[in-house]
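Protein chains in written order, with our numbering: chain Z, 2 to 208; chain D, 4 to 191; chain R, 3 to 334; chain V, 13 to 280; chain F, 3 to 194; chain E, 1094 to 1535. Ideal Cβ placement from N, Cα and C applies to all residues, glycine included. In this text the structure is predicted, and so the values were computed from the model without any measurement.
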Ligand SMILES: Cc1cc2nc3c(=O)[nH]c(=O)nc-3n(C[C@H](O)[C@H](O)[C@H](O)COP(=O)(O)O)c2cc1C
Ligand SMILES: Cc1cc2nc3c(=O)[nH]c(=O)nc-3n(C[C@H](O)[C@H](O)[C@H](O)COP(=O)(O)O)c2cc1C
Ligand SMILES: Cc1cc2nc3c(=O)[nH]c(=O)nc-3n(C[C@H](O)[C@H](O)[C@H](O)COP(=O)(O)O)c2cc1C
Ligand SMILES: Cc1cc2nc3c(=O)[nH]c(=O)nc-3n(C[C@H](O)[C@H](O)[C@H](O)CO)c2cc1C
Ligand code: SF4
Ligand code: SF4
Ligand code: SF4
Ligand code: SF4
Ligand code: FES
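Here is the structure:
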């Protein structure tokens, strides 16, 4: 159990897909102008990555290495299409808001990477948790960016105004420039955080 | 996994079949899902459209498609046409603004809805807000001119910092009105 | 008597050369500020004392942020060299007089902390910090950044819009009409009795300051001349009523072109290091300015043209290098 | 329903077509590659992120396998485990040599050092020693601008208050980078756990050295004479301790008290 | 003229990287050095153009008539991935020199969102074949422009004393933000 | 038309301290320390022993190989030490110390009278070589080496460097005013040695009197005096050749690549002495100046005299000197002590007071481009310094022409950020050399 927790945890901080691995950066900017779209995108990716990890792990003995990549892509594309169809049917507004980026989940490097690196070499349960952890890391990262951008750029979170009227929202935050700069500093912050954690770990090791 | 690379060889057919099977399964799954969601999606789309039109022309009880015009609807109340709901496209600050405009048979504006737009949040997207919309109600095509003079109530007050978007929407509504009037004239 | 007592002293030793020119960074920066001062004072006359507060906040906060960043980064504090103060000054000069007081401070924060120190501090910033600050304010609070105040010196009719705004939204005829006649307009533009950002209005005072800097050899004359010249030629050629019908004089004096060409396109940190490169820079900036003025969404393009050219500067520097002595012949 | 069936058909067809094309192309165009490249490629995270500086994981795999100079630890996403694996596969892990540590052999602090001149210029030991060998009177002593400190890739050194560099023994990996950059060759790589050492680098004659520094080795040889195990030799007016002999044989160093300038240090 | 505006819009005004956030992974991954970024820019442009053509044909002659547009994503991604893999194999074998110049970037692009996005956007806006091609070339060049600029800026900052935590990716993002800020100057210039 | 070169700077020339003062001869010192390395190339080998008696003009150090030079006793007396002694350039160096016997006697055979016109150029060359003549312009390159161009290079022009572009220094100026005949004879000799038909003498226009004097002295000879604008580094040989003849030495090349040999006026004068009277290089004219010197002078001193004595001859210090400089303020070396001997290349001794130098704390480069405009070599000193600072010295070499830098210091002079560019350049050159050494070994 401890092990599974570790697999999960690693995806959230130490190997955070966005801030540390720098994979799948596009959605981190494109859909994070508000918290709600960030969350939806996060959950969609989490679902795709977990489901795909499970599928890949289940079929890992059956797939011919020569067509491994195309097969994985087929699998991902299927799952994404499912998500698309479902969202379209049951949450059309969100489907609209995510726009083309929903379709682009197919090519988010993080998903293929987890399939190749982890799921194709591990059994179902760890793969599931790996997917969940990576997905959670991705979701949290998106949510963090989304909340900050929405808060500073529109004065609200999830559409609910939280800062008073005195605050004149800085539009830059919900525009490309602000998004880039914010993520730049968040990446820096994460670097300090992981370094700090590593140091703390090392100290613990010493004692 | 690793040792397979150098050593094993597969026939072309084997490899192809492998991918084909994967695609087959995938196709099957998608097909099943689509089979179930398609009707819901279609229904949803219908609903949203009527809902939107209903919002534009609240007291209408029926929307009838106009023959010969795609996506034109006549809003009926008790069998009488009380409005024409027609789509309009216009070029805004960040790209095309798509809207749905309701025009009374007299040629005055009733209301409009922005369907899709890429205007700047906080600036251009205020054209979807009621404060701006209300200015249009009951106005005729001749009055559809953007002004920056705060005392002018005849025309349409531009949103500060988003004159371009304001102009675009105004132009769109104006065009819709003219089109409806032309259509009605042609009918008569 | 031979004085040998000193010979036991420990001497200073350093690498040659042992004499240096009497210039320093702080001298340059403070001189530029002095060159800017007349235009700033005129801004205060034109728009009221409020302007002075905006300028002070801009400069003060820039210096404060520089101090804090350097303290936090444990670097030597160099606020005395005046570069941060100048950045704040130039930023404030490019803001509308009615700007809320917190905005110059936010702009200075962006200029100093993000545009300057995140890139490694003085000398390494790629983009003109003052312009990054202004551009960020522009997209953050476009309304506040495009709301103009009443003037104390100007004619009443002109008071609520800048000339370029009128041009963009109402056309050239309206522009002339607002000022009365073309000569009146040129006079207003030249003297500065027109609306606009705090420091950009008075062409004559800015020219004076700019020429002073050229005389002091702190800036190369080629840069402002080429940039203003390019704008003049292009606006003349691509006039509103077909080729060669434009009003170059208006475009050369309107907006922030003069302050931009003399004080910002000459910020040595962010422009190419060779004169040839600087001429390319100025040419490009002029072209982009005209492009934005005539075709773009904004009425004014100086700020963006300079930022865009800043981004090409490393490429220019890479390909336009000084001609090395002794390589000329070889090339032949 | 029709659409649903169409979906299945189209997908299968696409799969078949591409499968065939790819398989065929693979046969037709495949070129022999070093199988190790694929093995290495397999363990890389496949982020295809390019953070290694190569265009994609396979490119890095190729480089690291074929080019002996490419380091095995360039893959950032992979972190240490991957680096270890790659190193193992490519045989690049530094061979397990005897662990070493950097030792700074100068104790001539900035306060007590005899100054030759006031230095003004680039704060770098190598640059400073270009000018008459540096500002300190002792030509063999530490210049004190910390070129070694800045060059340590592992942040294992800090500059002490007395302008003599200090090695953090926990962090020092023994890479020897600092020793190679020091213009005065003051830093020596030595065995971990040496009990005593002569922390001086001066090859000046005793009389000269004495004037320039109070803690220098005069090269008088008293320590060597007093060492029971011949662990100390004097060469060029400088005593050098062989730490191996001390570690193996000596548990009560007698050399320490004998040094007239206390240039031998007890490191235990 | 229409094509020209479309082209300029794709290259500059609505630059994919800086205003539409596509292709960011390679944009940040491969912009560390100028030569690599030039190779990457060329590779992206050519792959994007070729796969747009291919996708246009498939879309308009298969998916639309069969009413299967909801499957566009899945079909396109398979199409492009396979196509790029094929391209890579062929170039590697037939033109090793070319391969070394920019072929090595191909695999990296195979599953990159900008390459998939263009065919998708073409399909969405029902562009004609020629328009699709113009749009694809423009977008590719826009990407190339952005990545080359970025690489030159990053090469310059290599010499700068950037705060440690921001080194690498952090400062690259900040630079991209400032580039985006500078590019807002073009906003509103062309509305499509 | 005034001829010049691209770039350069205009430091205050500060020559008025001594430009009006005639050359004074310093008294014969009690003790001289004569280092064995006073020139570029291999150190000479001492051929006298401690305790030996030597006469003025006697060879005490023999050249070790072709690129090396003889060293002569500059006074008569007893050798009291042969060993390491302070040296203005190397810190320490093998030197012969002679205690004067107060006689100041010439060694046998000197001085003599020679009719040089009868001699072959090889004989002349031998005389120059034996006399230990090296370049007096500062670099101290053995003159006989320079005057022996390899067969494949055709030399057709002699350029005499009388620019004296360094501030403060006036030794060459005074020499031209007072001893023009020596120079004329010297030039004739060198022209014969080289077999050239033409000679150009470059003089900066802040020495109008010298220009007139030399023009008169050279009238009737195929020698032209060229007036050059006063600009530093007019005297650097590449710039000088470019200014006077329009020829451009290719990057990495030597003057003889464009058929030119450059000699300093002091060198030419020394050649004259050696050839006509057999007098080796045992003394030179040097400028003792700077605001800290009580009475600045141009003095003729014996090689091996200590800086201290030279300064004492100029009545010592007037104020506390901050810096002692050997040579000019732009290229000279700061010395940690005044107990060092004057060697053949010492064209000046400067004692500079606080505030005279405009130094300041180094800041980071603000890319102002002044250095680029100042660099006569067309380099980008800003990049050279930044790359060196980041240890990217190989890039500095490959892409920015590190080794073209003449270390003239114009860039440093111009830099408002007070960057020590020359030091960075030297650092990088040294690192590159070390790297090359490593490569050759491994
Ligand atoms: C970030 C940003 C976004 C903008 N978005 C819009 C917009 O959505 N709609 C618009 O009409 N103008 C937009 N503008 C344009 C400016 O606000 C411009 O000044 C305006 O069109 C002129 O309006 P005004 O005359 O009302 O000040 C935007 C400007 C900026 C800086
Ligand atoms: C290795 C070396 C070889 C040289 N060979 C010659 C030569 O053959 N002919 C010549 O005229 N000068 C030669 N020179 C001298 C240079 O041209 C130059 O005069 C010398 O480096 C001193 O120059 P400076 O006083 O300008 O620094 C040589 C210099 C060096 C370092
Ligand atoms: C920057 C620089 C400045 C120089 N200035 C002078 C000068 O003013 N006068 C001079 O005689 N030599 C000067 N030299 C030395 C000359 O380049 C050249 O070495 C010398 O004239 C050769 O003559 P010599 O061998 O007789 O000394 C300078 C060299 C450099 C690199
Ligand atoms: C002629 C001149 C022009 C300058 N222009 C600017 C400017 O436009 N914006 C700015 O932030 N700093 C400017 N500076 C100041 C300085 O270069 C600036 O602080 C650096 O850009 C910060 O690294 C200028 C300095 C000089 C000497
Ligand atoms: S040990 Fe060497 S490199 Fe380190 S500070 Fe001392 S002199 Fe410099
Ligand atoms: S450079 Fe290497 S040997 Fe020196 S202190 Fe650092 S880790 Fe140790
Ligand atoms: S020292 Fe070198 S770089 Fe500087 S000006 Fe002189 S030649 Fe140019
Ligand atoms: S003169 Fe100094 S500050 Fe100016 S560019 Fe050169 S090195 Fe930089
Ligand atoms: S390139 Fe778009 S997510 Fe990676």
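Self-check item: Proximity of residue 1467 (chain E) and residue 1506 (chain E) at Cβ, strictly below 8 Å
Solution: Position 374 of the sixth chain holds residue 1467 (chain E). Position 413 of the sixth chain holds residue 1506 (chain E). Yes, the pair counts as a contact, with Cβ atoms nearer than the cut-off.
Exercise. Please work out which residues of its chain come closer than 6 Å, Cβ to Cβ, to residue 1124 (chain E), disregarding the five sequence neighbours upstream and downstream, and give them in chain order.
Key: For this step, residue 1124 (chain E) is matched to residue 31 along the sixth chain. So the qualifying residues of the chain are 1192.
Quiz item: Is DSSP giving residue 121 (chain R) helix, strand or coil here?
Solution: Here residue 121 (chain R) refers to the residue found at position 119 of the third chain. Residue 121 (chain R) falls in the coil class under three-state DSSP.
Quiz item: Does the Cβ of residue 5 (chain V) lie closer than 7 Å to at least one heavy atom of ligand 5?
Solution: The question about residue 5 (chain V) has no answer here: the residues shown for chain V are numbered 13 through 280.
Exercise. Output, in sequence order along the chain, the residues in the stretch 74-105 of chain F whose CB is closer than 9 Å to any CB in chain Z.
Key: Answer in chain order: 74, 75, 76, 77, 78, 79, 80, 82, 83, 84 and 87.
Practice problem: Compile a chain-ordered list of the residues in the stretch 176-192 of chain Z whose CB is closer than 9 Å to at least one CB of chain F. | Solution: Correct list: 176, 177, 178, 179, 180, 181, 182, 183, 184, 185, 186, 187, 188, 189, 190, 191 and 192.
Quiz item: Of the choices E:1097, E:1179, E:1108 and E:1119, whose alpha-carbon is the least far from that of residue 1393 (chain E)?
Solution: Working through the sixth chain from its first residue, we reach residue 1393 (chain E) at position 300. Taking only the C-alpha atoms, the option nearest residue 1393 (chain E) is E:1119.
Quiz item: Quick one: is residue 240 (chain V) near chain D, going by C-beta distance under 8 Å?
Solution: Along the fourth chain, one-based indexing puts residue 240 (chain V) at 228. For residue 240 (chain V), the answer is no, since every Cβ of chain D falls outside 8 Å of its Cβ.
Exercise. Return yes when the Cβ of residue 94 (chain R) is within less than 8 Å of the Cβ of residue 125 (chain R), no when it is not.
Key: Locating residue 125 (chain R) in the third chain gives position 123, where the first residue counts as 1. Locating residue 94 (chain R) in the third chain gives position 92, where the first residue counts as 1. For the 8 Å CB-CB criterion, residue 125 (chain R) and residue 94 (chain R) do not form a contact.
Quiz prompt | Residues, ordered as in the chain, of the stretch 151-181 of chain F that lie near chain E by beta-carbon distance below 7 Å | solution = Taking 7 Å as the Cβ-Cβ cut-off against chain E, the residues of the stretch 151-181 of chain F that qualify are 161.
Practice problem: Give a yes or no on whether the C-beta atoms belonging to residue 117 (chain R) and residue 135 (chain R) are separated by under 8 Å. | Solution: Taking the first residue of the third chain as 1, we reach residue 117 (chain R) at position 115. Taking the first residue of the third chain as 1, we reach residue 135 (chain R) at position 133. Yes, Cβ-Cβ distance for residue 117 (chain R) and residue 135 (chain R) is below 8 Å.
Quiz item: What's the gap between the Cα of residue 1379 (chain E) and the Cα of residue 1388 (chain E)?
Solution: Reading the sixth chain from its first residue, position 286 is the one you call residue 1379 (chain E). Reading the sixth chain from its first residue, position 295 is the one you call residue 1388 (chain E). Linking residue 1379 (chain E) to residue 1388 (chain E) through their CA atoms gives a straight-line distance of about 14 Å.
Quiz item: Between the stretch 1397-1413 of chain E and the stretch 1260-1276 of chain E, do at least 3 Cβ pairs fall closer than 8 Å?
Solution: Verdict: no, contact absent.
Quiz item: Sorted by chain position, which residues of the same chain lie with C-beta nearer than 7 Å to residue 157 (chain Z)'s C-beta, five sequence neighbours on each side aside?
Solution: Mapped onto the first chain, residue 157 (chain Z) falls at position 156. Non-local beta-carbon contacts of residue 157 (chain Z) in its own chain, meaning distances under 7 Å to residues more than five positions away in sequence, involve 151 and 163 in chain order.
Quiz item: What's the C-alpha gap between residue 1247 (chain E) and residue 1349 (chain E)?
Solution: Translated into the one-based positions of the sixth chain, residue 1247 (chain E) becomes position 154. Translated into the one-based positions of the sixth chain, residue 1349 (chain E) becomes position 256. Annotation: residue 1247 (chain E) to residue 1349 (chain E) spans about 7 Å, alpha carbon to alpha carbon.
Exercise. Express the C-alpha separation of residue 313 (chain R) and residue 18 (chain R) in angstroms, rounding to a whole number.
Key: On the third chain, residue 18 (chain R) is found 16 positions in, with the first residue counted as 1. On the third chain, residue 313 (chain R) is found 311 positions in, with the first residue counted as 1. Cα-Cα distance, rounded: 36 Å.
Quiz prompt | Uninterrupted alpha helix (DSSP H) stretches inside the stretch 106-169 of chain V (no shorter than 4 residues) | solution = As summarised for the stretch 106-169 of chain V, the continuous alpha helix (DSSP H) elements at least 4 residues long and confined to that stretch are 137-141 and 159-163, given in chain order.
Quiz item: Helix or strand or just coil, what does DSSP make of residue 288 (chain R)?
Solution: Mapped onto the third chain, residue 288 (chain R) falls at position 286. Reduced to three states, the DSSP call for residue 288 (chain R) is helix.
Quiz item: I think residue 259 (chain R) touches residue 233 (chain R), with their Cβ atoms under 8 Å apart; what is that distance to the nearest whole Å?
Solution: On the third chain, position 257 is the one that residue 259 (chain R) refers to. On the third chain, position 231 is the one that residue 233 (chain R) refers to. Right, the Cβ-Cβ distance comes to about 6 Å (below 8 Å), so this counts as a contact.
Quiz item: Looking only at DSSP bridge pairs, what is residue 244 (chain V) linked to?
Solution: Translated into positions along the fourth chain, residue 244 (chain V) becomes position 232. When beta bridges are read from the DSSP output, residue 244 (chain V) appears opposite V:253.
Exercise. Please work out which residues of its chain come closer than 7 Å, Cβ to Cβ, to residue 13 (chain R), disregarding the five sequence neighbours upstream and downstream, and give them in chain order.
Key: Walking along the third chain from the start, residue 13 (chain R) turns up at place 11. Excluding residues within five positions, none has a Cβ falling inside 7 Å.
Exercise. Starting from residue 189 (chain R), trace the alpha helix (DSSP H) both ways and give me its first and last residue.
Key: Along the third chain, one-based indexing puts residue 189 (chain R) at 187. DSSP places residue 189 (chain R) inside the alpha helix (DSSP H), whose first and last residues are 184-193.
Quiz item: Going straight from the alpha carbon of residue 171 (chain V) to that of residue 178 (chain V), what length do you get?
Solution: In the fourth chain, residue 171 (chain V) corresponds to position 159, counting from 1. In the fourth chain, residue 178 (chain V) corresponds to position 166, counting from 1. Between residue 171 (chain V) and residue 178 (chain V), the C-alpha separation is close to 6 Å.
Quiz item: In this structure, does DSSP put residue 1452 (chain E) in helix, strand or coil?
Solution: For the purposes of this step, residue 1452 (chain E) is taken as residue 359 along the sixth chain, with counting starting at 1. Coil.
Quiz item: Of all Cβ atoms in chain V, is any one closer than 8 Å to the Cβ of residue 195 (chain Z)?
Solution: For this step, residue 195 (chain Z) is matched to residue 194 along the first chain. Residue contact check for residue 195 (chain Z) against chain V: no CB pair falls below 8 Å.
Quiz item: Given that a residue counts as buried once 16 or more other Cβ atoms are within 10 Å of its Cβ, and exposed if not, what is residue 160 (chain F)?
Solution: Translated into positions along the fifth chain, residue 160 (chain F) becomes position 158. With fewer than 16 other beta carbons inside 10 angstroms of its own, residue 160 (chain F) counts as exposed.
Self-check item: chain F residues whose Cβ lies nearer than 8 Å to that of residue 33 (chain D)
Solution: Residue mapping note: residue 33 (chain D) aligns to position 30 of the second chain, counting from 1. Under the 8 Å cutoff, chain F gives 73 and 76.
Quiz prompt | Closer than 8 Å at the beta carbon, the chain C residues around residue 191 (chain F) | solution = Note that chain C does not occur in the displayed structure, where the protein chains are Z, D, R, V, F and E.
Quiz item: In three-state DSSP terms, what is residue 34 (chain Z)?
Solution: Counting from 1 along the first chain, the entry for residue 34 (chain Z) is found at position 33. Looking at residue 34 (chain Z) - three-state DSSP - the assignment turns out to be coil, as it is neither helix nor strand.
Quiz item: From residue 1345 (chain E) to residue 1499 (chain E), what does the alpha carbon distance come to, in whole angstroms?
Solution: Position 252 of the sixth chain, counted from the first residue, corresponds to residue 1345 (chain E). Position 406 of the sixth chain, counted from the first residue, corresponds to residue 1499 (chain E). The straight-line gap from Cα to Cα measures roughly 11 Å.
Practice problem: Kindly indicate if chain F contains any beta-carbon less than 8 Å away from that of residue 15 (chain V). | Solution: By 1-based counting over the fourth chain, the position of residue 15 (chain V) is 3. Yes, residue 15 (chain V) counts as interfacial toward chain F.
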